[in-house]
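Enquirer: Under this note's numbering, the first residue of the sequence shown is numbered 430, with each subsequent residue one higher. Structure below; questions to follow.
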Amino acid sequence: FTTDTTKIPKYEFDEDYAPIHTYQVCRVMEQNQNNWLHTNWILTEGAQRVFIELKFTLRDCNSLPGGVGTCKETFNMYYYETNGDEDEMEDGEMRDGVGITEEEDRAMKESRYIKIDTIAADESFTELDLGDRVMKLNTEVRDLGPLNRKGFYLAFQDLGACIALVSVRVFYKRCPFLVKSLAEFPDTIPGSEASQLVEVVGRCVNNSLPLYEPPRMHCSTEGEWLVPIGKCVCQPGFEEINRSCQVCKVGFYRSLLESLACSKCPPHSVARQTGATVCSCEDGYYKIDSDPPNMACTRPPSGPRNAISNVNETSVFLEWSIPMETGGRKDVRYNILCRRVLPDGRGLEECGPNVRFLPRRSHTNYSFLLEAVNGVSELAKDHAKQYVSLNVTTNQAAPSPVSVVRKGHTGKSSIALSWAEPDRPNGIILEYEIKYFEKEQDSSYTIIKSKDTEMVVEGLKPSSVYIFQVRARTSAGYGAFSRRFEFQTSPYLYFSATTRGSVSVFTCVLRCGYSKAKQDPEEEKMHFHNGHIKFPGVRTYIDPLTYEDPNQAVHEFTQEIDVSFISIERIIGAGEFGEVCSGPLRLPGKREIQVAIKTLKAGYTEQQRRDFLWEASIMGQFNHPNIIRLEGVVTKSKPVMIITEYMENGSLDTFLKKNDGQFTVIQLVGMLRGIASGMRYLSDMGYVHRDLAARNILVNSNLVCKVSDFGLSRVLEDDPEAAYTTRGGKIPIRWTAPEAIAYRKFTSASDVWSYGIVMWEVMSYGERPYWEMSNQDVIKAVEESYRLPGPMDCPEALYHLMMDCWQRERSNRPKFDEIVCLLDKLIRNPSSLKKIMRLSLCLRVSNLLVEHASVEGDSHTRSQTVGEWLDSIKMGRYTELFMEGGYSSLETVAQMTDLRRVGVNLAGHQKKIITSIQEMRVHMNNTNSTVNI
């Protein structure tokens, strides 16, 4: 704080002979040096941690002549925080009315400063050659924090060094302004702690809204944005093109945030302005509120067809065929108006709820009006209703049942039938109905009609038993069916001379569904879809196998893409059914995107085609940022293709192995959080994955992980031991919960067990679970409560979560929403990830596993030589290097302290060998040493 000629600015020259402004001091000949230099007041601008870069030169004390008073090769750096640029007190200033000396004043000023560090030089010079001056600059960086006031001073103390201070650069780091996934993140100053992450909520920009949750990023102390969570998507009426929201064109609309792009208006609807969120129906077409936006506008149905009546004692049975035109809807139902004809032509009156009549005692004429309606009929006020009228007289009676049905000639695919008229026809027989079905298959039957009392039924299966029933119809309606008659087709082909008369044939297949004609008003709240009851507002997964026709599931859950919109550029892999390629997808009106293309190889069977498209029918039901997105399918041309989004970094296990040790713990936790979020979505949908593993997670260029591979019936690995066969298919043993292996009880809880294994894979950078243990040994070890040890450098909090996922009782395992919540807490509080698993616990669990996997003893005691030991852990390539390094026995290997000495430089190989050496030391009671990587 003194003004001294030794500290006045001086000029030196750098290696390019450019002048450098420096502060110098070199009072090495004098005793008791205490020289100070301080900066002006430095404004922090809100930063809580700053960095100080010093550049200086320093002379080697040994190069100085003898007799110096003092000489040091270090100096000290101090700081003093204050809220304002305070003037220094003048020399001799009165303090509390008492004069102080210059020495006292200086001591008081020095006492306010707090020491940052003692600075030493990496390089020093020995003498100054003015003719050829070369500066040996030292650069040192120190950080300072946390800072709580508006600004601070820096001070440098010299206690006897020969030093020149060339530059002092004070700076702080910040996360720069960023726009990502349509979210804007402002300039953000990091927190005060070195490991602290500052969570920043982004602001959706350019006509966008948050999807599922507000977008968030985390600002690190190094000024880097980490762990993106959530994102923004274009609001309805807009679509994302070139990273901005563009308004939907005329004729297109977008109503859901989950939709990727604007869609063309469905049939019979229009969007006459840009930015449409829904399309308006054309004249004469309608929609109801519960109709989805992508559904075509519809209209009321035409009238029922082929209506007939059947009078049977006190009941009238009405039958009809569905309308020729259903209006484009499936919710067709029927209204029936019963009216009694009054005597003497006095008109009609409604029957009322309790109409009854007694045949033979009296007769009454009734008129029935039958109308077909659907969900939009009430909206079509001007629509002309189409009725079918039936007149019934109650003194009419239907014919009695046919008593005998006889079998004539039989063929490989036909049976000739004949029968007699009913005993009591009660009128003229108009026609007969023959109902037949394969035995034990009465849920699906066929009806054919005949004017005669004989016919040949064709199209049957050879050597099969069929059930036949016959009934007659008069003007009063149908009689009851005859009893059941069993006839069998021949295994050989017979030729029959029987001539088939004029027969009208139609098929009535009873399908899995629900008839709304007999539905209560309350039941209209439920929709029946291929045997599944679905409630409005609840989205559930539907197994494509429940469809009678698998092609219907493909049509319903996927989008057909014209093959001309796809270009295959390169092959990136091979799948079970064919090659996996990549290339651009260019849909009209949309931006070009890169996609992955799975192809079905030539010569496929129809069953292989169904199996291939089955996975697409599953993927098409999912819409989540952590689930692989299906773009569409190509089924109308060859080859058949499945088009998905392209994931640049491929499968997670391979990606981690390629980048062993390259990610921070926070980045790994971010990956795990994405996987858990995707699994939470699947669990909420009611879908059980059954094959959750790192190989089935894909990674894009932003390190976003997405769950994929929904083909549950596939061979899971090339390794023949990879799956343990049970009744009902193959199971990936190393990833599967015990109850799923033993009893095939696959649930979301068994997926949670698999997620714990995925956590272990991620934290060990793609290591194989249970290493080289056989599947049978893994099953037995898990049953006996052995669990995988914590990976190297694994945070304790993450390993505890793994162990929770591996609870024997599935009810004790966490749910996926609880896992997501916990990972969010860890991301927000990175200090909780600093505590690393205790080595003793890792060794204990690992040792138990190795002991259990051995039949005659542990792998180390069985291995007689170093070469055999290395071969047992798949590291035999290093045998010669170990020998050359002097490690010729297991005892000497157990004493190793540095793997680099023998040439083991790959991080993954180091980890595997270190783990095995640590286990070896446990067996040899030699756990005191450590191994350096």
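The beta carbon of each residue, even a glycine, is placed where N, CA and C say it ideally should be. Model, not experiment: these values are computed from the prediction.
Give me whichever residues DSSP pairs with T903 in a beta bridge.
Expert: DSSP output for T903 lists G906 as bridge partner(s).
Enquirer: Return the CA-CA distance between G1002 and E1077, expressed in angstroms with no decimal places.
Expert: G1002 and E1077: Cα-Cα distance of roughly 13 Å.
Enquirer: Whose CA, out of Y452, A700, G666 and P1017, lies closest to the CA of V595?
Expert: Cα-wise, what sits closest to V595 is Y452.
Enquirer: Mind listing, in chain order, the continuous alpha helix (DSSP H) runs of no fewer than 4 residues lying wholly within the segment 794-824?
Expert: DSSP runs (the alpha helix (DSSP H)) wholly in the segment 794-824: none.
Enquirer: Taking a contact to mean a Cβ-Cβ separation below 9 Å, would you say I877 touches M884 in this structure?
Expert: Going by C-beta atoms, I877 is nearer than 9 Å to M884.
Enquirer: Along the chain, where does the alpha helix (DSSP H) containing H1229 start, and where does it finish?
Expert: Looking at the DSSP string, the run of the alpha helix (DSSP H) that includes H1229 is E1225 to C1234.
Enquirer: For the beta strand (DSSP E) that R758 lies in, which residues bound it at each end?
Expert: Unbroken run through R758: none, as it is neither H nor E.
Enquirer: For a quick check, are the C-beta atoms of E482 and E569 less than 9 Å apart?
Expert: Closer than 9 Å, so yes.
Enquirer: Provide the residue span of the beta strand (DSSP E) that contains F1311, from first to last.
Expert: Per DSSP, F1311 belongs to no beta strand (DSSP E); it is in the alpha helix (DSSP H), T1308 to E1313.
Enquirer: Could you check which residue in T969, H697, K1067 and Q1037 has the C-alpha nearest to that of I990?
Expert: If we check each option's Cα against that of I990, K1067 comes out closest.
Enquirer: For A549, collect the residues of the same chain with a Cβ closer than 6 Å to its Cβ; drop the 5 residues on either side in sequence, then sort them by chain order.
Expert: Closer than 6 Å at the Cβ level, and outside the excluded window around A549, lie T503.
Enquirer: Does the beta-carbon of I1342 have 16 or more other beta-carbons within 10 angstroms, so that it is buried, or is it exposed?
Expert: Buried.
Enquirer: Have a look at W654 and F614 and give me their C-alpha separation to the nearest angstrom.
Expert: C-alpha separation (whole angstroms): 10 Å.
Enquirer: Would you mind reading off the limits of the alpha helix (DSSP H) that contains L1127?
Expert: L1127 -> not in any alpha helix (DSSP H); beta strand (DSSP E) instead, spanning I1126 to V1128.
Enquirer: Report the start-end ranges of each beta strand (DSSP E) in the segment 836-870 that is 3 residues or longer and not cut off at the edges.
Expert: Fully enclosed beta strand (DSSP E) runs of 3 or longer: 843-848 and 860-867.
Enquirer: Do G804 and S719 count as a contact pair if the criterion is CB distance below 9 Å?
Expert: Taking 9 Å as the Cβ cut-off, S719 and G804 qualify as a contacting pair.
Enquirer: Could you please give the first and the last residue of the uninterrupted beta strand (DSSP E) stretch that includes M1070?
Expert: Per DSSP, M1070 belongs to the beta strand (DSSP E) from M1070 to E1074.
Enquirer: According to the neighbour-count rule (16 or more other Cβ atoms, all chains shown, within 10 Å of its Cβ), is M753 buried or exposed?
Expert: Exposed.
Enquirer: Just confirm the distance between the C-beta atoms of R1109 and S1080, as a whole number of angstroms; I'd bet it's less than 8 Å.
Expert: With 8 Å as the limit, R1109 and S1080 do not qualify as a contact, their Cβ atoms being about 21 Å apart.
Enquirer: What residue range does the beta strand (DSSP E) around V629 cover?
Expert: Element bounds for V629: V627 to V630.
Enquirer: Decide if H450 is buried, meaning its Cβ has at least 16 other Cβ atoms within 10 Å, or exposed.
Expert: It is exposed - the Cβ of H450 has fewer than 16 other Cβ atoms within 10 Å.
Enquirer: Indicate whether the contact test is met: 3 or more Cβ pairs, each with one atom in the segment 834-848 and one in the segment 904-916, closer than 8 Å.
Expert: Yes, the segment 834-848 touches the segment 904-916.
Enquirer: Please report the distance separating the alpha-carbon of L1255 from that of Y1307.
Expert: Cα-Cα distance, rounded: 39 Å.
Enquirer: If I measure Cβ to Cβ from W1164 and keep anything under 6 Å in the same chain, skipping five residues before and after, which residues do I get?
Expert: Cβ within range, chain order: A1122, S1183 and I1186.
Enquirer: Which word fits A1025, buried or exposed, when buried means at least 16 other C-beta atoms lie within 10 angstroms of its C-beta?
Expert: By the neighbour-count rule (16 or more Cβ atoms within 10 Å), A1025 is buried.
Enquirer: Is it the case that the Cβ atoms of D572 and F480 are separated by a distance below 9 Å?
Expert: It is a contact, given that the beta carbons lie within the stated cut-off.
Enquirer: Under a three-way DSSP split, which group does M646 fall into?
Expert: In this structure, M646 counts as strand in the three-state DSSP scheme.
Enquirer: Grab me the residues of R758's own chain with a C-beta within less than 8 Å of its C-beta, minus the 5 sequence neighbours each way, in chain order.
Expert: Excluding positions up to five away in sequence, the list reads T727, P730, N803, G804 and V805.
Enquirer: Excluding five sequence neighbours on each side, which residues of the same chain lie with their C-beta closer than 8 Å to the C-beta of E1021?
Expert: Same-chain partners within the cutoff: P1013, L1014 and R1015.
Enquirer: DSSP has T547 in a bridge; who is on the other side?
Expert: N505.
Enquirer: Which one or two residues does DSSP pair with G1012 in a beta bridge?
Expert: Beta-bridge pairing links G1012 to V1024.
Enquirer: State the DSSP-derived secondary structure class of V834, mapped to helix, strand or coil.
Expert: Three-state DSSP puts V834 in a strand.
Enquirer: Curious, which full-length beta strand (DSSP E) runs of at least 3 residues does the segment 688-745 contain?
Expert: Runs of the beta strand (DSSP E) inside the segment 688-745: 734-741.
Enquirer: What are the boundary residues of the alpha helix (DSSP H) that includes L588?
Expert: Run containing L588: none; DSSP gives neither H nor E here.
Enquirer: If we call anything under 9 Å between Cβ atoms a contact, is E1225 one with G1219?
Expert: Their beta carbons are under 9 Å apart, which means E1225 touches G1219 by this criterion.
Enquirer: Locate the alpha helix (DSSP H) running through C1250, then write down its first and last residues.
Expert: Looking at the DSSP string, the run of the alpha helix (DSSP H) that includes C1250 is F1245 to R1257.
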